[in-house]
Amino acid sequence: MCVNKFVELLNKELKEGLGCTEIASIGLACAKASELIDGEVEKLDLVVNIGLFKNAHGVTIPNTDRYGIKLAASLGAILKNSQKELTLFKDIDRRIINEAENLIIKERVNVNVKYVDKFYINAKVYGKDEWVEVLVLDSYKNVVKIIKNGKVIFYKQEKAEEEIIDITKTTINEMIEEMNKVPIEELDFIRQAIEMNLSLAKKGINKKLDTGVAFGLDSLMKKGVIKDDLINKVCLYTTAASDARMAGLRSSNMTLMGSGNKGIQAIVPVVMTGRLKNVEEEKIIRGVAISCLITIYIRQWVSAVSPLCGTSLAAIGASAGITYILGGRIKNIEGSIKNMCEGTVGMVCDGVKEGCSLKIRTNTENALISAYLSMEEIVSITKDSIIEDRVEDTIKNLSLTSLLRVRKN
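Note that numbering that gives the first Met the number 0 has the sequence shown beginning at 0, numbered continuously upward.
Laid out in structure tokens, this is it:
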């Protein structure tokens with residue numbers, strides 16, 4: 000695969016977002032439908048897949064101190080600003096909140112769950128004498144059908160083959176070699192991602208946000224309960240970015256594959272390790288690119304409906320990126336991936352919520368330890384069940400978790 004395809008893929012999968020991606024995707028679908036309604040919204044019917052419901056129902060909506068799928072849907076319908084994509088909630092003010100809550104109070108917002116193993120949103124918005132229905136499949140911006148007053152006004156295939164940049168046949172070594180060769184100016188968007196997510200992290204350290212995990216870690220470091228060392232500092236900044244994001248601050252972060260916490264997990268540990276170790280900026284940028292690319296590679300193997308925690312998968316990429324900036328050779332980078340697959344593969348997703356920052360702290364520490372162990376030539380061996388000689392085969396083994404399916408009782 001040529002270099003520009005890797006850069007194209009990274010550009011495609013790194014997007015600015017505000018708050019929890021899942022809650023924003025619901026607002027976005029409702030905004031898209033509402034834009035085709037003249038006048039005020041009178042009613043809203045929403046159907047989402049079970050996984051999306053699980054991940055969206057308990058997170059704070061940006062620029063509000065509230066949470067809930069009904070409110071997110073109602074806000075999107077009132078805002079009518081789908082051009083903002085995942086940052087649409089930036090436009091929320093007191094008037095918008097009042098209008099959205101009024102729809103809920105009048106019992107004009109209905110939410111139902113569809114038990115399917117893929118991303119699914121069906122938003123139907125009613126005006127006075129008209130209605131619009133929007134169907135979104137596979138990813139937050141993949142609108143496949145729009146119906147207005149019973150007439151299909153937009154339709155496309157669920158996912159065209161040419162839209163998919165498949166890297167599952169690529170080796171880890173090939174990815175790293177290509178990222179080493181790409182001109183650094185072609186990775187300027189990575190620099191933007193770094194600054195965006197670090198800025199968010201700085202806002203979550205000195206203030207108790209969300210569950211306050213980062214605030215608590217900072218306090219423990221100051222009291223001497225835990226050491227003020229590289230590992231804990233990197234954990235602090237990564238956790239702080241998640242706290243700030245989940246608290247719904249009016250600050251964007253760079254998402255990865257539509258997930259804000261994946262973007263934080265794949266980017267912040269690599270950057271903070273590099274800066275604390277005085278690694279040159281170009282090396283850090285390439286390390287972040289490698290981290291994100293390997294995370295994408297893993298996610299293409301492991302289904303989106305896998306029960307594994309998404310940030311634990313991104314932490315595998317982060318560990319590889321950390322090993323790279325520490326000067327590790329390909330065998331060390333592959334070793335860090337094997338260590339992570341052996342050590343963190345059992346972490347399950349129990350819903351996107353405030354407590355995700357605790358998982359991110361654990362994942363970040365594991366990513367660092369796995370990287371440093373591999374630099375010492377300490378790597379999980381092939382007799383362990385999930386570990387294979389080839390790192391690519393080890394990653395394929397993670398895909399077995401996708402055989403587990405969500406079923407209605």
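Glycine residues also receive a C-beta, built at the ideal position from the N, C-alpha and C atoms.
All of these numbers come straight from a predicted model, not from anything done at the bench.
Tell me which residue opens and which closes the alpha helix (DSSP H) that glycine 392 is part of.
The sequence shown places aspartate at residue 392, rather than the glycine named in the question. DSSP places aspartate 392 in the uninterrupted alpha helix (DSSP H) bounded by 390-397.
Can you find the residues in the same chain that come closer than 6 Å, C-beta to C-beta, to valine 143, ignoring five residues on each side of it along the sequence?
So the qualifying residues of the chain are Leu134, Leu136, Lys155, Glu157.
For leucine 35, three-class secondary structure by DSSP
In the three-state reduction of the DSSP assignment, leucine 35 falls in the coil class, being assigned neither a helical nor a strand state.
Within the region 226-284, note down every full alpha helix (DSSP H) run reaching 4 residues or more, in order along the chain.
Counting only runs of 4 or more, we get 229-245, 259-275.
Counting pairs of Cβ atoms below 8 Å between the region 226-234 and the region 242-261, do you hit three or more?
No, the region 226-234 is not in contact with the region 242-261.
Please list the terminal residues of the continuous alpha helix (DSSP H) segment that includes aspartate 44.
Membership of aspartate 44 in any alpha helix (DSSP H) is not indicated; the residue belongs instead to the beta strand (DSSP E) covering 42-48.
Would you kindly check if the distance between the Cβ of leucine 235 and the Cβ of isoleucine 204 is under 8 Å?
The answer is yes: Cβ separation under 8 Å.
What are the partner residues of tryptophan 300, as DSSP defines its beta bridges?
Bridge partners of tryptophan 300: none, in fact.
Three or more C-beta pairs under 8 Å: does that hold for the region 267-282 against the region 15-35?
By the Cβ test, the region 267-282 is not in contact with the region 15-35, since fewer than three Cβ pairs between them sit closer than 8 Å.
Among Met220, Leu248, Lys180, Val212, the one whose alpha carbon lies nearest that of serine 198
Taking each of Met220, Leu248, Lys180, Val212 in turn and checking the Cα distance to serine 198, the smallest one comes out for Leu248.
Could you check whether the Cβ of leucine 229 sits closer than 8 Å to any Cβ belonging to chain B?
In the structure shown, chain B cannot be found, because there is only a single protein chain.
First and last residue of the uninterrupted beta strand (DSSP E) at aspartate 16:
For the sequence presented, residue 16 should be read as glycine rather than aspartate. Counting along the chain, the beta strand (DSSP E) containing glycine 16 begins and ends at 13-17.
Within the continuous beta strand (DSSP E) that includes isoleucine 146, where are the two ends?
Boundaries of the beta strand (DSSP E) harbouring isoleucine 146: 142-147, taken from the DSSP string.
Rank Ala366, Val6, Ile386, Lys150 by C-alpha distance to the C-alpha of glutamate 185 and give the top, closest one.
When each option's Cα is compared against that of glutamate 185, the closest is Val6.
Classify glutamate 161: buried if its beta carbon has 16 or more other beta carbons within 10 angstroms, exposed otherwise.
Unreliable placement is indicated for glutamate 161, whose pLDDT of 47 sits below 50; the coordinate value is still reported in the next sentence. Under this definition glutamate 161 is an exposed residue.
If you run the structure through DSSP and keep just helix, strand and coil, what is valine 212?
Helix.
What first and last residue would you give for the beta strand (DSSP E) that runs through leucine 87?
Unbroken run through leucine 87: none, as it is neither H nor E.
Drop a sphere of 10 angstroms on the beta-carbon of arginine 360, count the other beta-carbons inside from all chains shown, and report buried for 16 or more, exposed for fewer.
It counts as buried.
Looking only at its own chain, which residues have a Cβ that is under 7 Å from the Cβ of aspartate 44, when we skip the five neighbours before and after it?
For aspartate 44, where only same-chain residues beyond five positions count, the Cβ hits under 7 Å are Asn109, Lys123.
Neighbourhood of isoleucine 183 by C-beta distance below 6 Å, restricted to the same chain and skipping five residues each side:
So the qualifying residues of the chain are Glu281.
Starting from the Cα of glutamate 21, find the closest Cα among Asp209, Gly67, Asn3, Ser318 and give me that residue.
Measuring from the Cα of glutamate 21, the nearest candidate turns out to be Gly67.
Measuring straight from C-alpha to C-alpha, what distance separates serine 250 and methionine 195?
C-alpha of serine 250 to C-alpha of methionine 195: approximately 9 Å in a straight line.
Distance check for glycine 320 and glycine 327, CA to CA, integer angstroms please.
If you take the alpha carbons of glycine 327 and glycine 320, they lie about 10 Å apart.
Let me know if leucine 9 comes out buried or exposed under the rule of 16 or more other beta-carbons within 10 Å of its beta-carbon.
By the 10 Å Cβ count, leucine 9 comes out buried.
Which residues in the same chain have their Cβ closer than 6 Å to the Cβ of serine 398, if we skip the five residues on either side of it in sequence?
Only residues of its own chain outside the window of five on either side were considered, and among them Trp300, Val301 have a CB closer than 6 Å to the CB of serine 398, listed in chain order.
Would you kindly work out how many angstroms separate the C-alpha atoms of cysteine 348 and lysine 117, rounded to a whole number?
Between cysteine 348 and lysine 117, the C-alpha separation is close to 16 Å.
Whole-number beta carbon distance between methionine 245 and threonine 363, since they are thought to touch under 8 Å:
Rounded, the Cβ-Cβ distance is 16 Å, inconsistent with contact.
Distance check for isoleucine 120 and isoleucine 193, CA to CA, integer angstroms please.
For isoleucine 193 and isoleucine 120, the distance between alpha carbons rounds to 31 Å.
Are the beta-carbon atoms of glutamate 41 and arginine 107 separated by less than 8 Å?
Yes, the pair counts as a contact, with Cβ atoms nearer than the cut-off.
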